[in-house]
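**Student:**
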Amino acid sequence: MTTLTIAYEGNVARASAEPAGDDLWVAPAALRASTGWALEAAGLCRGPVCVPIPPERRTEF
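When we follow my numbering, the leftmost residue of the sequence shown carries the number 5, and every step to the right adds one.
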């Protein structure tokens, strides 16, 4: 496990992340706690804003 620094919209947050090859995976609970974004059926959401996940990649999340 490693600590990831996330910079977004003028904010800086930290979250635990798991290295996997060239990727860093953040657990859904850690993502929500650090950024307010949550993995939902509609995609990655924060409040009323959702970014859809392509159907062919949903199993990765």
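Backbone N, C-alpha and C define an ideal beta-carbon position, used for all residues, glycine too. Every value quoted in this text rests on a predicted model; they were computed, and no experiment measured them.
Going by beta carbon distance, what residues of the same chain come within less than 8 Å of Pro52, once the five residues before and after it are set aside?
**Tutor:** If you number the sequence shown from 1, residue 52 lands on position 48. If we look at Pro52 and ignore the five residues flanking it on each side, it has no Cβ neighbours.
**Student:** Assuming the contact rule is C-beta atoms closer than 8 Å, Pro56 and Ala42 should be a hit. Round their C-beta distance to whole Å, please.
**Tutor:** For the purposes of this step, residue 56 is taken as residue 52 along the sequence shown, with counting starting at 1. For the purposes of this step, residue 42 is taken as residue 38 along the sequence shown, with counting starting at 1. At roughly 14 Å, the Cβ-Cβ gap does not stay under 8 Å, so Pro56 and Ala42 are not in contact.
**Student:** Distance, Cα to Cα, Thr39 vs Met5?
**Tutor:** In the sequence shown, counting from the first residue as 1, residue 39 sits at position 35. In the sequence shown, counting from the first residue as 1, residue 5 sits at position 1. Approximately 19 Å, taken between the alpha carbons.
**Student:** For the beta strand (DSSP E) that Ala11 lies in, which residues bound it at each end?
**Tutor:** Along the sequence shown, read from residue 1 onward, the residue named residue 11 stands at position 7. First-last of the beta strand (DSSP E) with Ala11: 6 to 12.
**Student:** Alpha carbons only, please: which of Glu60, Val16, Arg61, Arg62 is nearest the one belonging to Leu35?
**Tutor:** In the sequence shown, residue 35 corresponds to position 31, counting from 1. Of the candidates Glu60, Val16, Arg61, Arg62, the one whose C-alpha sits nearest the C-alpha of Leu35 is Val16.
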